[in-house]
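Student: Here the working numbering is used: the first residue of the sequence shown is 44, the next is one more, and so on. Even for Gly, the Cβ is constructed at its ideal location relative to N, Cα and C.
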Amino acid sequence: MKKKVSAIPQPKTYGPLGNLPLIDKDKPTLSFIKLAEEYGPIFRLQTLGDAIIVISGHELVAEVCDETRFDKSIEGALAKVRSFAGDGLFTSETHEPNWRKAHNILMPTFSQRAMKDYHTMMVDIAVQLVQKWARLNPNENVDVPEDMTRLTLDTIGLCGFNYRFNSFYRETPHPFIISMSRALDEAMHQLQRLDIEDKLMWRTKRQFQHDIQTMFSLVDNIIAERKSNGNQEENDLLSRMLNVQDPETGEKLDDENIRFQIITFLIAGHETTSGLLSFAIYFLLKNPDKLKKAYEEVDRVLTDPTPTYQQVMKLKYIRMILNESLRLWPTAPAFSLYAKEDTEIGGKYPIKKGEDRISVLIPQLHRDKDAWGDNVEEFQPERFEDPDKVPHHAYKPFGNGQRACIGMQFA
44 MKKKVSAIPQ PKTYGPLGNL PLIDKDKPTL SFIKLAEEYG PIFRLQTLGD AIIVISGHEL
104 VAEVCDETRF DKSIEGALAK VRSFAGDGLF TSETHEPNWR KAHNILMPTF SQRAMKDYHT
164 MMVDIAVQLV QKWARLNPNE NVDVPEDMTR LTLDTIGLCG FNYRFNSFYR ETPHPFIISM
224 SRALDEAMHQ LQRLDIEDKL MWRTKRQFQH DIQTMFSLVD NIIAERKSNG NQEENDLLSR
284 MLNVQDPETG EKLDDENIRF QIITFLIAGH ETTSGLLSFA IYFLLKNPDK LKKAYEEVDR
344 VLTDPTPTYQ QVMKLKYIRM ILNESLRLWP TAPAFSLYAK EDTEIGGKYP IKKGEDRISV
404 LIPQLHRDKD AWGDNVEEFQ PERFEDPDKV PHHAYKPFGN GQRACIGMQF A
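1. Return the chain-ordered list of same chain residues with a C-beta closer than 7 Å to the C-beta of lysine 336, the five sequence neighbours on each side being excluded.
2. Should serine 455 go down as buried or exposed, given a rule of 16 or more other Cβ atoms within 10 Å for buried?
3. Just how far apart, CA to CA, sit valine 419 and lysine 412?
4. For the stretch 330–358, which segments carrying the alpha helix (DSSP H) assignment without a break, of at least 4 residues, lie completely within its bounds, in sequence order?
5. Helix, strand or coil for tyrosine 381 per DSSP?
6. For the beta strand (DSSP E) that contains serine 402, what are its first and last residues?
7. Using only the alpha-carbon positions, how far apart do cysteine 202 and arginine 362 sit?
8. Thinking just about the alpha-carbon of each residue, which of Leu328, Tyr161, Arg302 and Gly450 is nearest to the one in alanine 128?
9. For the pair the stretch 277–288 and the stretch 140–155, tell me if three or more CB-CB distances fall below 8 Å.
10. Given that a residue counts as buried once 16 or more other Cβ atoms are within 10 Å of its Cβ, and exposed if not, what is tryptophan 142?
11. Note down, in chain order, each residue of its chain lying with its Cβ closer than 7 Å to the Cβ of tyrosine 392, except the 5 sequence neighbours on either side.
12. Where do the N-terminal and C-terminal ends of the alpha helix (DSSP H) with alanine 267 fall, by residue?
13. Could you tell me whether the Cβ atoms of isoleucine 96 and isoleucine 364 are closer together than 8 Å?
14. Rounded to the nearest angstrom, what separates histidine 436 and leucine 103 at their Cα positions?
15. Buried or exposed: where does tyrosine 438 fall if 16 or more other Cβ atoms within 10 Å of its Cβ makes it buried?
16. Does the stretch 201–221 come within contact of the stretch 343–360, defined as at least 3 CB pairs closer than 8 Å?
17. Nearest to threonine 374 by CA position, among Glu268, Asn443, Asn180 and Gly318, is which residue?
18. Hey, could you find the ends of the alpha helix (DSSP H) valine 97 is sitting in?
19. Could you pull out every residue in the same chain whose Cβ sits closer than 8 Å to the Cβ of serine 154, ignoring the five residues on either side in sequence?
20. Under a Cβ-count criterion, where at least 16 other Cβ atoms within 10 Å of its own Cβ denotes burial, should glutamate 106 be classed as buried or exposed?
21. Where does glycine 389 fall in DSSP's three states?
22. Give the straight-line distance between the Cα atoms of alanine 382 and lysine 270, rounded to the nearest whole angstrom.
23. According to DSSP, simplified to helix, strand and coil, what is threonine 90?
24. Residues in its own chain within less than 7 Å of lysine 55 by CB, not counting five upstream and five downstream?
25. When we look at the beta-carbon of asparagine 182 and count the other beta-carbons within 10 Å, is it buried (16 or more) or exposed?
26. Please go through the stretch 99–167 and give each complete alpha helix (DSSP H) segment of 4 or more residues, from N-terminal end onward.
27. Give me the Cα-Cα distance between methionine 44 and threonine 111, rounded to the nearest whole angstrom.
28. Quick check on DSSP: helix, strand or coil for methionine 44?
29. For leucine 334, which residues from the same chain have a beta carbon less than 6 Å from its beta carbon, with the 5 sequence-adjacent residues on both sides left out?
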């Protein structure tokens, strides 16, 4: 008996623009969520010649997360970010030599044991945030996202390569942050332009290249200074990249790839973690009963003037709060995949090798009522009290498998 094949649902198209008019360029994730609510756990979109299949049902996600059948796709936004992140861990193909090499070299840098070594430096930066807020007058407003960006950038800089951005001592953002933010915005805007429109954006392109060179210059200077100092005393991310050989090939990372890895960690690490912390504070303020429980745990566990690593590891409810914040608003809203061979998912939806790019829509996956129950919009950290009860393949804030975020413990 012949298998039944079903066409993947697709919204109405608008000529050569495809489905692009349905996407709000300023809030694309919310547009995708709205379409998922209307068209269900799988639908197809066509935008300016680029087709993607958007998936958000946990059963379909379980299939596409099978690494024997699917692998991470570096298309769309990630392909544009390669202009300045190169073949760093986040923007390299799995089959590229530097991905495996860097993954092997850097994995120990993000182990639980390594986190203990970073603890003092993390507290150093956290104290700067606390001191800033302690000096504020009672009625002064706090720009939480901006301060969380300062916190995470400075933490990555200090723990990763012993560099102090000193963000809490600046009135305006560090030049690296200004250039990085502009470059990321431009990379996203490039996706939404027609080719002829893009060719006319010569001033924007010139600024884009200037911002890239600003980032390269800072990072190259950090690498050069470390090498000139002998690179013997530090035990951080940069030291490992300069000194350690890949156990499989015996090769080290070259300076260009080290540059790309540092930029990758600064981009992928600080923006996502600052977003997580900002959302967590927002949810706590909106849910005073959860805030009360958080206070009680902190008062019970953190009995020393400066928190110890062992004490922080006992903050179970705080971790549950962070996990639930990531469920409701994952700061990386999607990850892309491609099929290694022609296949089908859900028993009826055909997926073509090399043609169909799949995007897992994480915020909608985290709202799959079949996995999480009917109260998916409620902030309930208690969902994560028992890790064994977290729905399998319905929680993917850090991506999937070997291409999941290498720094999730650090975050």
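Tutor: This is what the structure gives:
1. Taking lysine 336 as the centre and dropping the five residues before and after it, the same chain places the C-beta of Tyr360 closer than 7 Å to its C-beta, in chain order.
2. Missing from the structure shown is residue 455; the chain here goes from 44 to 454 and no further.
3. If I take the Cα positions, the gap works out to 7 Å.
4. Those alpha helix (DSSP H) runs which fall completely within the stretch 330–358 and span 4+ residues are 331–344 and 352–356.
5. Of the three classes helix, strand and coil, the one that applies to tyrosine 381 here is strand, per DSSP.
6. Annotation for serine 402: the continuous beta strand (DSSP E) segment containing it runs 400–404.
7. About 21 Å.
8. Checked all of Leu328, Tyr161, Arg302 and Gly450; the closest Cα to alanine 128 is Arg302.
9. With the cut-off at 8 Å, the stretch 277–288 and the stretch 140–155 touch.
10. Tryptophan 142 comes out buried.
11. Once the five neighbours on either side are set aside, the close Cβ partners of tyrosine 392 are Ser49, Ile51 and Ile85.
12. Unbroken alpha helix (DSSP H) run through alanine 267: 245–271.
13. Taking a C-beta distance under 8 Å as the contact criterion, isoleucine 96 and isoleucine 364 do not qualify as a contact pair.
14. Rounded to whole angstroms, the separation of the alpha carbons of leucine 103 and histidine 436 is 9 Å.
15. Classified as buried, tyrosine 438 has 16 or more neighbouring CB atoms from the shown chains inside 10 Å of its CB.
16. Output reads no: the stretch 343–360 does not touch the stretch 201–221.
17. Restricting attention to Glu268, Asn443, Asn180 and Gly318, the CA atom closest to the CA of threonine 374 is found in Gly318.
18. No alpha helix (DSSP H) contains valine 97, which is instead part of the beta strand (DSSP E) from 93–98.
19. Excluding residues within five positions, the ones whose Cβ falls inside 8 Å are Gln452.
20. With 16 or more other Cβ atoms within 10 Å, it is buried.
21. Coil, per DSSP.
22. Take the alpha-carbon of alanine 382 and the one of lysine 270: they are about 42 Å apart.
23. If DSSP states are grouped into helix, strand and coil, threonine 90 belongs with the strands.
24. In its chain, beyond the 5 residues on either side, no residue has a beta carbon closer than 7 Å to the beta carbon of lysine 55.
25. In summary, asparagine 182 is exposed, with fewer than 16 beta-carbon neighbours lying within 10 Å of its beta-carbon over all protein chains present.
26. You should have 101–107, 120–128 and 140–149.
27. Residue placement at methionine 44 cannot be trusted, given a pLDDT of 46 that sits under 50; what the coordinates show is reported in the next sentence. Distance between the alpha carbons of methionine 44 and threonine 111: 27 Å.
28. For methionine 44, the predicted model reports a pLDDT of 46, less than 50, meaning its position is unreliable; a value from the coordinates is still stated below. If DSSP states are grouped into helix, strand and coil, methionine 44 belongs with coil.
29. Taking leucine 334 as the centre and dropping the five residues before and after it, the same chain places the C-beta of Leu327 closer than 6 Å to its C-beta, in chain order.
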